[in-house]
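For the sequence shown, position 262 matches number 323 in the numbering used here, and the numbering has no gaps at all.
For glycine and all other residues, C-beta sits at the position ideal for the given N, C-alpha and C.
Take a look at the structure below.
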Amino acid sequence: MSAYFDYAATTPLDPAVLQVMLPFFSDEYGNPSSIHHAGQRAEAAIEESRARVASLLNATPEEITFTGGATESNNLAIRSIARRRREDHGYTRIVTTPVEHPSVLQTCRDLESAEGFELELLPIDSTGRVLTDQLEDHLEDGTALVSVVYANNEIGTINPIEMIGRVCHARRIPLHIDSAQAANHLDLDVDKLKVDAMTLGAHKFYGPKGVGVLYHRKGLLLSPIQTGGSQEFGTRAGTHNVPSIVGFAESFEKARALQLELTPRLTSLRDRIIDTIPREVPDTILTGHRSHRLANHASFAIHGVDSNQLLAALDVSGFACSSGSACKTGNPEPSAILMALGLEPDWALGALRITLGRGTTDAQVEDLLRILPDIVARLRSSQNS
Ligand SMILES: *Cc1c(COP(=O)(O)O)cnc(C)c1O
Numbered sequence: 062m063s064a065y066f067d068y069a070a071t072t073p074l075d076p077a078v079l080q081v082m083l084p085f086f087s088d089e090y091g092n093p094s095s096i097h098h099a100g101q102r103a104e105a106a107i108e109e110s111r112a113r114v115a116s117l118l119n120a121t122p123e124e125i126t127f128t129g130g131a132t133e134s135n136n137l138a139i140r141s142i143a144r145r146r147r148e149d150h151g152y153t154r155i156v157t158t159p160v161e162h163p164s165v166l167q168t169c170r171d172l173e174s175a176e177g178f179e180l181e182l183l184p185i186d187s188t189g190r191v192l193t194d195q196l197e198d199h200l201e202d203g204t205a206l207v208s209v210v211y212a213n214n215e216i217g218t219i220n221p222i223e224m225i226g227r228v229c230h231a232r233r234i235p236l237h238i239d240s241a242q243a244a245n246h247l248d249l250d251v252d253k254l255k256v257d258a259m260t261l262g263a264h265k266f267y268g269p270k271g272v273g274v275l276y277h278r279k280g281l282l283l284s285p286i287q288t289g290g291s292q293e294f295g296t297r298a299g300t301h302n303v304p305s306i307v308g309f310a311e312s313f314e315k316a317r318a319l320q321l322e323l324t325p326r327l328t329s330l331r332d333r334i335i336d337t338i339p340r341e342v343p344d345t346i347l348t349g350h351r352s353h354r355l356a357n358h359a360s361f362a363i364h365g366v367d368s369n370q371l372l373a374a375l376d377v378s379g380f381a382c383s384s385g386s387a388c389k390t391g392n393p394e395p396s397a398i399l400m401a402l403g404l405e406p407d408w409a410l411g412a413l414r415i416t417l418g419r420g421t422t423d424a425q426v427e428d429l430l431r432i433l434p435d436i437v438a439r440l441r442s443s444q445n446s
């Protein structure tokens, strides 16, 4: 039996969520835009899902757009807010961080190279947190939007969103946050966080892949990036993915309800991993913040070890882990995020990410902790010979 330690990459679909989705693949096949009863029932399912999601975010249903995933939500938020703010005010600066998910960073870079926006990367500390005391200096006049990751997928670091939100709010600059990793463990009250737009994706919280949400505060006018029909109040054209939207709401509600029980349990397993690995594996450091980090997330840099080789060796022994970044093939490349934290390549090449979830047991963690030092020692000796 293999042990899954890659819950930050994706989570298994909750069987109870699948049951709620199934009728919308078969009997309830109506198009929500149709006039007849079958269409009305599909539309009702979507609107009920929207209301459920909105209430969990302390938002209103009109502020929720269903998308094809977190990547699309990030694209929709950044592209439409940036373009709209330029049209309305002439603002051309986009402010983000050097440790964003590619769906944020590459979107900002594309707006820079293809549409003439200026990109500004906020300074971060060595754990990947935004330096809030320097934030004000980087929000010059003409800033169209700020986009910051809530909890980092690669290193687990949690950003002080409330503080960033307060600064942006005072300067009337819209703040978008990528909350794709946050939904199982962190507060998502949009008023408390003082955010204007928020990205979520269901497959990170035991829902289906290929469906996401963009929360966008009332008054923040979004222009579509995908044009066509008038679905989603004109924000996102295309026939709704009814089963996935229903699955989003169901899995999101369940994830929020389970947080109270899951977060403390995983936090103690995480701390056991974080305390043990740097002690038992020589020349290994924790990456990201010690305490401002996701409850289910442990990440390390192991000096002089090729992360792809390590992951393959762990896989053979029955442990599905990750390096945290998407690079799977070809020449090993050091993680851009670890480099942005100031790590040298011989450290950044040895990234190991261990992420926990509902199915993680104490025994699985102990097995992994027992086997890892030997695997690393074996790889190091074969690389040196
Ligand atoms: C997973 C993830 C995304 C993208 O999700 P997709 O399902 O690939 O669209 C974006 N941001 C973060 C922080 C993520 O963890």
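Asked	Found
Same chain only: Cβ atoms within 6 Å of Thr188, ignoring 5 sequence neighbours per side	Thr218, Gly349, His350
8 Å Cβ cutoff met for Val156 and Val207	yes
Option in Asn245, Ala115, Ser174 with minimal Cα separation from Leu315	First, the residue type needs correcting, since residue 315 is Lys and not Leu in the sequence shown. Checked all of Asn245, Ala115, Ser174; the closest Cα to Lys315 is Asn245.
DSSP three-state assignment for Ser383, whether helix, strand or coil	strand
Closer than 7 Å: Gln242 CB and nearest ligand 1 heavy atom	yes
Beta-carbon separation (whole angstroms), Asn214 vs His264, contact threshold 8 Å	About 13 Å; that fails the 8 Å criterion.
Cβ-Cβ distance between Gly308 and Val272 below 8 Å	yes
Cα-Cα separation, Ser110 to Thr121	12 Å
Lys265 CB to nearest heavy atom of ligand 1 below 7 Å	yes
Residues of its chain near Ile115, where Cβ-Cβ distance is below 6 Å and the 5 sequence neighbours each way are ignored	Residue 115 is actually Ala in this sequence, not Ile. Result list for Ala115: Thr121, Pro122, Ile125, in chain order.
Three-pair Cβ contact test at 8 Å for the stretch 175-187 versus the stretch 226-241	no
Per DSSP, the bridge partner or partners of Val274	Phe127, Leu261
Any non-hydrogen atom of ligand 1 closer than 7 Å to Asn357 Cβ	no
Simplified DSSP assignment, three categories, for His237	strand
Euclidean distance between Cα positions of Arg170 and Thr300	30 Å
Residue closest to Val210, alpha-carbon to alpha-carbon, out of Asp202, Glu223, Asp198	Glu223
Given Leu417 as reference, the closest of Leu433, Arg439, Ala373, Asp332 once Cα atoms are compared	Asp332
Where Phe266 falls, given that 16 or more other Cβ within 10 Å makes a residue buried	buried
Spatial distance of Pro285 from Arg431 (CA atoms)	51 Å
Exposure of Gly268, with buried meaning 16 or more beta-carbon neighbours within 10 Å	buried
Identity of the residues DSSP links to Ile185 by a beta bridge	Val191
Straight-line gap, Gln320 to Asp250 (C-alpha atoms, nearest Å)	14 Å
Simplified DSSP assignment, three categories, for Glu322	helix
Span separating the alpha-carbon of Lys253 from that of Asn135	21 Å
Counterpart residues of Ile155 in DSSP-defined beta bridges	Leu180, Leu206
Cβ pair Ile415, Ala359 closer than 8 Å	yes
Ile346, DSSP secondary structure in three states	strand
Pairwise C-alpha distance: Thr71 and Pro406	27 Å
Beta-carbon proximity list for Pro434, same chain, < 6 Å, skipping 5 on both sides	Glu341, Val342
For Ser360, the residue or residues it bridges with in DSSP	Arg414
Three-state secondary structure (DSSP) of Asp67	strand
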